[in-house]
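Below is one structure, written out as structure tokens, with a few remarks after it.
There are 2 protein chains.
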Amino acid sequence: MPDRSDDLFRAMADPTRRRVLDLLAEHGTLTVSELAAHFPDLVASGISKHLMALRAAGLVTATREGRHQRYAIDADTMAEAMAPWVARYEAYWSGALARLRDAATDA
Amino acid sequence: MPDRSDDLFRAMADPTRRRVLDLLAEHGTLTVSELAAHFPDLVASGISKHLMALRAAGLVTATREGRHQRYAIDADTMAEAMAPWVARYEAYWSGALARLRDAATDA
DNA sequence: GCGACGTCTTACCGTACGGTAATGCATTAC
DNA sequence: GTAATGCATTACCGTACGGTAAGACGTCGC
């Protein structure tokens, strides 16, 4: 298996795809039309295309559900692809992450 | 200040720029020619262009040193831009990160 | 001063990407 | 069966991006 970080970072370069991942992380699973409802400026096929890119990168998985297609984050791929990078730069953001947690607990 | 995550992820979409960041993280600071030595397939101005992109994203800082230009990672920007994203998906990669640490200690 | 060096800048080119529109292919409703 | 729905796929277009090449600018050695 080749290094997938290239596909991963390229897939996350687009803000629409990052928002799709955010929506999936928040709702667990979503269909294409449910996702498309959050993007009024985009045509449905555009969302489908982005989902294809995310599938190609291995970041999401799709399961048929009647005539719908239900998408979810592929936790394993996300983890294995991100962990090395996160670990490498941990020293740079660990402080900010701690501050973020403090701010959350203070609120 | 607008959301900088767009510039950040776009800057990291290119594998050359990610490798530049890796080299800076490893060596601390490097000049353009020192960096260019690691990329035999690229012309020097190409490296400079990538560095400009990284500077525009706020990921690196440059300080003059005679006729050289010494680059270093901007830890603050890196941290503040990445921390929210890392925190959001922490559940997905925390397990893999722990396994990565275990593997490192086993070795 | 002058020339060599290091870097930035600009112009240019090919390709890849995001977007829409149109078509095809299942599945559901009637 | 027929029509409508949901999604994938293809073709196409404009733009942005990565790359090189050439020139401009400041700095060092002489």
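Chains as they are written, first to last, in this note's numbering: chain A, -17 to 89; chain B, -17 to 89.
Here a beta-carbon is modelled for each residue, glycine too, at the ideal position from N, C-alpha and C.
Values in this document were obtained by computation on a predicted structure and should not be read as measured data.
Straight-line gap, residue i to residue j (C-alpha atoms, nearest Å)
i                  : j                 : result
Asp(-11) (chain A) : Arg37 (chain B)   : 23 Å
Val2 (chain B)     : Ser15 (chain B)   : 12 Å
Thr(-2) (chain A)  : His32 (chain A)   : 8 Å
Ala18 (chain B)    : Ala35 (chain A)   : 32 Å
Thr13 (chain B)    : Ala54 (chain A)   : 43 Å
Pro66 (chain A)    : Asp(-4) (chain A) : 21 Å
Ile29 (chain A)    : Pro22 (chain A)   : 11 Å
Asp4 (chain A)     : Ser27 (chain B)   : 37 Å
Arg83 (chain B)    : His50 (chain B)   : 38 Å
Gly48 (chain B)    : His20 (chain B)   : 22 Å
Met64 (chain A)    : Met(-6) (chain A) : 11 Å
Any non-hydrogen atom of the ligand SAM within 7 Å of residue i CB
i               : result
Gln51 (chain A) : Among the ligands in the structure shown, none appear at all, so the ligand SAM cannot be discussed.
Selected residue, minimal CA-CA separation from residue i, among the options
i               : options                              : result
Gly10 (chain B) : A:Gly40, A:Arg46, A:Ala(-7), A:Tyr74 : A:Tyr74
Ala7 (chain B)  : B:Val42, B:Arg46, B:Leu24, B:His50   : B:Val42
Ala80 (chain B) : A:Glu62, A:Arg83, A:Ser76, A:Asp56   : A:Glu62
Arg0 (chain B)  : A:Asp56, A:Tyr71, A:Glu47, A:Arg49   : A:Tyr71
Ala57 (chain B) : A:Asp84, A:Arg83, A:Ser76            : A:Ser76
Cβ separation of residue i and residue j, assumed to be a contact under 8 Å, to the nearest whole Å
i                  : j               : result
Arg(-14) (chain A) : Gly40 (chain A) : 6 Å
Thr45 (chain A)    : Arg52 (chain A) : 5 Å
Val68 (chain A)    : Val68 (chain B) : 6 Å
Hey, which unbroken runs of the alpha helix (DSSP H) at 4 residues or more fall wholly within the region 15 to 86 of chain A?
26 to 38, 57 to 70
Return the residues of the region 61 to 74 of chain A that lie within a Cβ-Cβ distance of less than 9 Å from chain B, sorted by chain order.
Hits within the stretch, in order: Ala61, Glu62, Ala63, Met64, Ala65, Pro66, Trp67, Val68, Ala69, Arg70, Tyr71, Glu72, Ala73, Tyr74.
Name the residues in the region 19 to 32 of chain B whose C-beta lies less than 9 Å from a C-beta of chain A; which are they?
none
Interfacial residues, the region -16 to -2 of chain B to chain A, with Cβ spacing under 7 Å
Asp(-12), Phe(-9), Arg(-8), Met(-6), Ala(-5), Pro(-3)
Taking Cβ-Cβ distances below 8 Å as the criterion, which residues of the region 45 to 57 of chain A are in contact with chain B?
Ile55, Ala57
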